[in-house]
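K.L.:
Number of protein chains: 6
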Amino acid sequence: MPYVNIKVAGSLTREQKAKIAAEVTDTLERIANKPKSYTYITFEEVKGENWAVAGDLLDSD
Amino acid sequence: MPYVNIKVAGSLTREQKAKIAAEVTDTLERIANKPKSYTYITFEEVKGENWAVAGDLLDSD
Amino acid sequence: MPYVNIKVAGSLTREQKAKIAAEVTDTLERIANKPKSYTYITFEEVKGENWAVAGDLLDSD
Amino acid sequence: MPYVNIKVAGSLTREQKAKIAAEVTDTLERIANKPKSYTYITFEEVKGENWAVAGDLLDSD
Amino acid sequence: MPYVNIKVAGSLTREQKAKIAAEVTDTLERIANKPKSYTYITFEEVKGENWAVAGDLLDSD
Amino acid sequence: MPYVNIKVAGSLTREQKAKIAAEVTDTLERIANKPKSYTYITFEEVKGENWAVAGDLLDSD
């Protein structure tokens with residue numbers, strides 16, 4: 001019963017999300033013996049104004 | 001002080017969210033003795049492109 | 001495909017968690033038409049030292 | 001390696017998010033010795049229809 | 001700046017977590033062009049009493 | 001109604017958590033006009049074996 005939440009700054013294409021989901025699900029099956037049908041993955045694409053590193057928003061000048 | 005996060009694939013109507021919030025808050029009061037005013041609930045409606053099960057995005061053909 | 005995360009301050013008995021899980025899953029089926037088998041719920045029991053309200057840890061004197 | 005997620009009901013201006021990010025990152029450096037470059041902060045602005053307190057959505061009449 | 005949270009029911013060995021972290025970080029670099037050093041991954045190992053599927057705790061009889 | 005989740009690698013003393021909670025709650029009041037009593041903060045202290053950066057667990061040799 002894995003549940004995986006993936007947050008990225010910026011956006012991903014549908015194709016990128018499809019590939020990431022397939023690979024991460026495969027990783028959890030091969031390494032941790034989790035049946036693929038058990039794995040839920042959610043993506044969150046976070047705009048630069050909503051993500052800070054080192055105290056600065058990512059869309060800062 | 002419960003904090004509940006509910007993620008669903010797809011969307012919910014305002015009416016559905018209102019009913020779910022009322023019922024979950026009531027459940028936590030009856031079963032776990034949490035005063036209703038202490039319970040925060042947030043909803044996240046996740047589009048099919050951002051939720052994968054078994055390695056496939058939910059909006060896959 | 002609902003995923004629900006329930007954080008409570010303090011602990012719950014196994015019986016309380018079983019009842020809450022059953023009721024919340026039922027709520028999502030009745031109100032939002034989510035098949036019961038699709039619903040994942042995780043509980044997190046947070047000790048008072050790790051939960052603050054109004055700027056004070058819950059185990060404060 | 002702190003990761004901080006800040007959910008607020010309603011919205012914040014870019015300026016408010018910039019100030020909050022700077023202050024929280026500074027707090028973690030001063031109090032917990034976390035180098036600023038290690039701290040990731042994400043903001044989520046949750047509309048009233050998606051946040052309930054005491055069993056009522058925040059945009060309720 | 002990806003941040004990935006992986007929750008699994010039950011526990012993982014340190015070796016399993018090391019391999020999963022390496023693979024997921026590699027996936028995000030290859031597919032989404034995220035530099036490896038930007039990726040944070042946290043694991044949460046959730047005991048069966050704290051995870052429910054279909055309304056039943058995973059450690060149910 | 002802010003809800004803040006703070007994950008750190010390693011542990012914090014109770015005193016550190018108390019100070020961080022007080023400061024972050026104050027920040028949200030001053031900058032975003034959130035009454036202190038509305039702010040919930042939870043801390044999660046994540047051991048090195050459960051946090052990876054750049055594909056390596058933090059307790060790696």
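Residue numbers (the UniProt record's numbering), protein chains in the order written: chain X, 1 to 61; chain P, 1 to 61; chain W, 1 to 61; chain G, 1 to 61; chain C, 1 to 61; chain D, 1 to 61.
Ideal Cβ placement from N, Cα and C applies to all residues, glycine included.
Can you tell me where the beta strand (DSSP E) with Thr-25 (chain D) in it begins and where it stops?
P.N.:
Segment 14 to 32 is the alpha helix (DSSP H) holding Thr-25 (chain D); no beta strand (DSSP E) there.
K.L.:
So Ala-54 (chain P) contacts chain W; which residues on that side make the cut at Cβ distance below 8 Å?
P.N.:
Ordered by position in chain W, no residue passes the 8 Å Cβ test against Ala-54 (chain P), which lies about 11 Å from the chain.
K.L.:
Measure how close the beta-carbons of Ala-9 (chain X) and Ala-52 (chain P) come, nearest whole angstrom, since I'm counting them as under 8 Å.
P.N.:
Contact flag wrong, Cβ pair sits at about 20 Å.
K.L.:
Between the Cα of Ser-60 (chain D) and those of C:Arg-14, C:Ile-6, C:Asn-5, spot the shortest distance and give me the residue it belongs to.
P.N.:
Selected option, being the one with the closest Cα: C:Arg-14.
K.L.:
What do you reckon, are the CB atoms on Met-1 (chain G) and Tyr-38 (chain C) nearer than 8 Å?
P.N.:
Against a cut-off of 8 Å, the Cβ pair of Tyr-38 (chain C) and Met-1 (chain G) comes out as no contact.
K.L.:
Kindly list, in the order they appear in chain C, the residues whose Cβ is closer than 8 Å to that of Leu-57 (chain D).
P.N.:
Under the 8 Å cutoff, chain C gives Arg-14, Lys-17, Ala-18, Ala-21.
K.L.:
Show which residues of chain X have a CB atom less than 8 Å away from the CB atom of Lys-36 (chain G).
P.N.:
Ordered by position in chain X, the residues that pass the 8 Å Cβ test against Lys-36 (chain G) are Ala-54, Gly-55.
K.L.:
To the nearest angstrom, how far is it from the Cα of Trp-19 (chain C) to the Cα of Glu-44 (chain C)?
P.N.:
Looking at the sequence provided, one finds Lys at residue 19 (chain C) rather than Trp. If I take the Cα positions, the gap works out to 15 Å.
K.L.:
Tell me the rounded alpha-carbon separation between Pro-35 (chain C) and Gly-55 (chain W).
P.N.:
Spanning the two alpha carbons is a distance of roughly 36 Å.
K.L.:
Which residues does DSSP list as the beta-bridge partners of Asp-59 (chain W)?
P.N.:
Looking at the DSSP assignment, Asp-59 (chain W) forms no beta bridge with any residue, so it has no partner.
K.L.:
Based on Cα-Cα distance, which residue from X:Arg-30, X:Asn-50, X:Leu-12, X:Gly-48 lies nearest to Leu-28 (chain C)?
P.N.:
The shortest C-alpha separation from Leu-28 (chain C) is found at X:Leu-12.
K.L.:
Buried or exposed: where does Lys-7 (chain G) fall if 16 or more other Cβ atoms within 10 Å of its Cβ makes it buried?
P.N.:
Buried, because 16 or more other Cβ atoms sit within 10 Å of the Cβ of Lys-7 (chain G).
K.L.:
Does the beta carbon of Lys-7 (chain P) sit closer than 8 Å to a beta carbon anywhere in chain W?
P.N.:
Closer than 8 Å: yes.
K.L.:
Val-46 (chain P) touches chain X at which residues, Cβ-Cβ below 7 Å?
P.N.:
Here the neighbours are Thr-42.
K.L.:
Distance check for Asn-50 (chain C) and Val-24 (chain P), CA to CA, integer angstroms please.
P.N.:
Between Val-24 (chain P) and Asn-50 (chain C), the C-alpha separation is close to 17 Å.
K.L.:
Since Asp-50 (chain G) is in the beta strand (DSSP E), which residue starts that stretch and which ends it?
P.N.:
The residue asked about is misnamed: residue 50 (chain G) is Asn in this sequence, not Asp. Neither: Asn-50 (chain G) is in no beta strand (DSSP E) and is coded neither H nor E.
K.L.:
Are Lys-47 (chain X) and Leu-57 (chain P) touching if we call contact CB-CB under 8 Å?
P.N.:
No, they are not a contact pair.
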